[in-house]
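Peer 1: Once you've had a glance at the structure underneath, I'll fire off some questions.
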Amino acid sequence: MPSKGKGGTTVNTVWAIAEPIAKSLNLELWDVRFEKEGANWYLRVFIDKDGGVSIDDCVDMSHALDKPLDEADPIEQSYCLEVSSPGIERDLKRESHFLKCIGMKVKVKLIRPVEGVREFSGVLESYDNGNIQITLSDGSGLMINKKEASYIKLDDFGGEI
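According to this note's numbering, the residues represented by the sequence shown are 1256 to 1416, in order.
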């Protein structure tokens, strides 16, 4: 049985099941999370598509995913399946996220400050093997490794942090 937790084998197993289903529905699988909140477990599947995700897309993905998940039975305990859009200010975690968002505004929060500053916003210029180049609003550049950031997300509101 796959291990449980925030990113272990359960997520990889569900990803392998969900990705071809999403593609068959003309959707992109954005993320899969298996998380415990209080006493309850949640399997969260995030989908995306050009032009945005509708409630019907979420319902279609949820219905299409139910039977294959039941058949594969990758999760021992009971859980709630949630299918949704990654939403505004979506987290960028995977290489595909960064590559898709080159040229867009992002917000970054670093684990350790650089010259006393921990939070930045700017335009994502490039991504290569975990290294991220951002042009800040003052025109200067910031090069970081993804591992140095608490989060990197789209800056859909375009404001300074």
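No residue lacks a Cβ here, since even glycine has one placed at the ideal position from N, Cα and C.
Let me know the secondary structure DSSP gives F1412 once reduced to three states.
Peer 2: coil
Peer 1: Below 8 Å on the Cβ atoms is my contact criterion, and I expect L1397 with E1344 to pass it. Report the Cβ-Cβ distance as a whole number of Å.
Peer 2: Not really, about 19 Å apart at Cβ, beyond 8 Å.
Peer 1: Report the rounded CA-to-CA distance for I1416 versus E1326, giving the unit in angstroms.
Peer 2: Confidence at I1416 is low in this model, with a pLDDT of 41, below 50, so the placement of that residue should be treated as unreliable; the coordinate-derived value is given next. If you take the alpha carbons of I1416 and E1326, they lie about 45 Å apart.
Peer 1: Using the Cβ count rule (16 or more neighbours within 10 Å means buried), how would you classify G1412?
Peer 2: According to the sequence shown, residue 1412 is Phe rather than Gly. The residue is exposed, with fewer than 16 neighbouring Cβ atoms inside 10 Å.
Peer 1: With which residues is L1347 paired in a DSSP beta bridge?
Peer 2: According to DSSP, L1347 bridges with nothing at all.
Peer 1: Which residues in the same chain as C1313 place their Cβ atom closer than 8 Å to its Cβ, once the five residues preceding and following it in sequence are excluded?
Peer 2: I1302, V1338, S1339 and S1340
Peer 1: Tell me whether N1267 sits in a helix, a strand or coil according to DSSP, three-state version.
Peer 2: In this structure, DSSP gives N1267 a helical state, which the three-state scheme calls helix.
Peer 1: Where DSSP assigns a beta bridge to K1355, which residues make up the other side?
Peer 2: In DSSP, K1355 forms no bridge with anything.
Peer 1: Tell me the rounded alpha-carbon separation between N1295 and G1371.
Peer 2: Going by the C-alpha atoms only, they are around 39 Å apart.
Peer 1: Confirm, please, whether the CB-CB distance from L1347 to I1399 is below 8 Å.
Peer 2: No, the pair does not count as a contact, with Cβ atoms beyond the cut-off.
Peer 1: Does V1378 come out as helix, strand or coil in the three-state DSSP assignment?
Peer 2: strand
Peer 1: Going by the DSSP bridge assignment, what does Y1406 pair with across the sheet?
Peer 2: K1364
Peer 1: Have a look at S1279, K1401, K1291 and E1331 and flag the residue whose alpha-carbon is nearest the alpha-carbon of T1268.
Peer 2: E1331
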